[in-house]
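Engineer: I'd like to ask some things about the structure below.
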Amino acid sequence: MKKTNNILSFVPNFITSLNILSGCLSIVLAFEGYLVFSAYFIVIAAIFDFLDGLSARLLNAYSELGKELDSLADIISFGVAPSIIIYHLLKKSMGIESLILNFNEIAFYKILFLSSAFIIAIFSGIRLAKFNIDTRQTTSFIGLPTPANAIWIASLPLILNYSEYSFCDNIILNPYFLIASVILSSILLIAEFPMFSFKMKSLDFKKYKIQFIFILISVILLIILHLIAIPLIIFVYILLSGINNWIIKDNK
Numbered sequence: 008m009k010k011t012n013n014i015l016s017f018v019p020n021f022i023t024s025l026n027i028l029s030g031c032l033s034i035v036l037a038f039e040g041y042l043v044f045s046a047y048f049i050v051i052a053a054i055f056d057f058l059d060g061l062s063a064r065l066l067n068a069y070s071e072l073g074k075e076l077d078s079l080a081d082i083i084s085f086g087v088a089p090s091i092i093i094y095h096l097l098k099k100s101m102g103i104e105s106l107i108l109n110f111n112e113i114a115f116y117k118i119l120f121l122s123s124a125f126i127i128a129i130f131s132g133i134r135l136a137k138f139n140i141d142t143r144q145t146t147s148f149i150g151l152p153t154p155a156n157a158i159w160i161a162s163l164p165l166i167l168n169y170s171e172y173s174f175c176d177n178i179i180l181n182p183y184f185l186i187a188s189v190i191l192s193s194i195l196l197i198a199e200f201p202m203f204s205f206k207m208k209s210l211d212f213k214k215y216k217i218q219f220i221f222i223l224i225s226v227i228l229l230i231i232l233h234l235i236a237i238p239l240i241i242f243v244y245i246l247l248s249g250i251n252n253w254i255i256k257d258n259k
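Here's what the structure looks like:
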């Protein structure tokens, strides 16, 4: 692994530090009850996560420190922060005002439901640990990337706040929907399922056509459905990854 010794070598790590800061702010805002702003900071953290990798490639500023720092940042921003959002949505869906003040009055199964929110953090940690030791994931991913999973979870409070469709509230604030989301997300995070990445070295359409097709579909969905499109975009990402895997396998 090549290293640069000039001041530019610190740029990716500085951007990663902004990812950590964004994740911490997301956690604080979620605990204070500002789930919408918490969701925004997860999205901001995802932007910094993209930029630190991009800057490392452009500046040839790779380092073992940067690799480990990136994973530590991601567990905060894309593991713990989305878990706390799910935790608060579960509280709201079950009509729990305060777990601490009403602990003795809350049914045990509801406490288990609330605790299940942090399964996301656990499986995100496993996903990131696997990524660090898996040599197959240099140009693509095995399993759903933690930023993608976190963004889809972050979309839930945004949809609740901005969507004009009342059925969205009924779905998102259903505890069984939230528990199912936790289970599905956890499975996808560690699934042995190759997914394409955006580590593009050029704008060659023939070489990166699956990425460009995904971007086009995502833009169209966002224009038509607005925030409701975000969960669909994650589904499209998984679907196109499956199609891409089939094409690659078929061409071998």
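Residues 8 to 259 (my numbering) are what the sequence shown spells out, left to right. We put the CB at the ideal spot given by N, CA and C, even for glycine.
1) Shortest alpha-carbon distance to residue 163 belongs to which of 50, 39, 80, 26?
2) If residue 34 sits next to residue 87, beta carbons under 8 Å apart, how far is it from one beta carbon to the other, in whole angstroms?
3) Which word fits residue 141, buried or exposed, when buried means at least 16 other C-beta atoms lie within 10 angstroms of its C-beta?
4) Just how far apart, CA to CA, sit residue 143 and residue 100?
5) If we count Cβ pairs, one from each stretch, closer than 8 Å, do we get three or more for the segment 100-117 versus the segment 172-186?
6) Measuring only the C-alpha atoms, how far is residue 134 from residue 174?
7) Does the separation of the CB atoms of residue 20 and residue 76 fall below 7 Å?
8) Candidates 149, 14, 40: which alpha carbon is nearest residue 91's?
9) In three-state DSSP terms, what is residue 11?
10) Tell me, which residues are paired with residue 203 by DSSP?
11) Drop a sphere of 10 angstroms on the beta-carbon of residue 148, count the other beta-carbons inside from all chains shown, and report buried for 16 or more, exposed for fewer.
Structural biologist: Taking the coordinates as given:
1) Position 156 of the sequence shown, counted from the start, is the residue given in the question as residue 163. Among 50, 39, 80, 26, the Cα nearest to that of residue 163 is on 50.
2) If you number the sequence shown from 1, residue 34 lands on position 27. If you number the sequence shown from 1, residue 87 lands on position 80. Between residue 87 and residue 34 the Cβ distance is about 6 Å, and since that is below 8 Å, they are a contact.
3) On the sequence shown, residue 141 is found 134 positions in, with the first residue counted as 1. Flag for residue 141 reads exposed.
4) One-based indexing of the sequence shown puts residue 143 at position 136. One-based indexing of the sequence shown puts residue 100 at position 93. Between the C-alpha atoms of residue 143 and residue 100 there is a straight-line separation of about 40 Å.
5) By the Cβ rule, the segment 100-117 counts as touching the segment 172-186, because three or more pairs are nearer than 8 Å.
6) Against the sequence shown, residue 134 aligns to sequence position 127. Against the sequence shown, residue 174 aligns to sequence position 167. Cα to Cα, residue 134 sits roughly 33 Å from residue 174.
7) Residue numbering aside, residue 20 sits at position 13 when the sequence shown is read from its first letter. Residue numbering aside, residue 76 sits at position 69 when the sequence shown is read from its first letter. Yes; because the gap between Cβ atoms is below 7 Å, this pair is in contact.
8) As a working note, residue 91 is residue 84 in the sequence shown. Looking at the Cα atoms, 40 is the closest of the given residues.
9) On the sequence shown, residue 11 is found 4 positions in, with the first residue counted as 1. For residue 11, the predicted model reports a pLDDT of 48, less than 50, meaning its position is unreliable and no value from the coordinates is stated.
10) The residue you call residue 203 lines up with position 196 of the sequence shown. By DSSP's assignment, residue 203 forms a beta bridge with 147.
11) The residue you call residue 148 lines up with position 141 of the sequence shown. Per the 10 Å Cβ criterion, buried.
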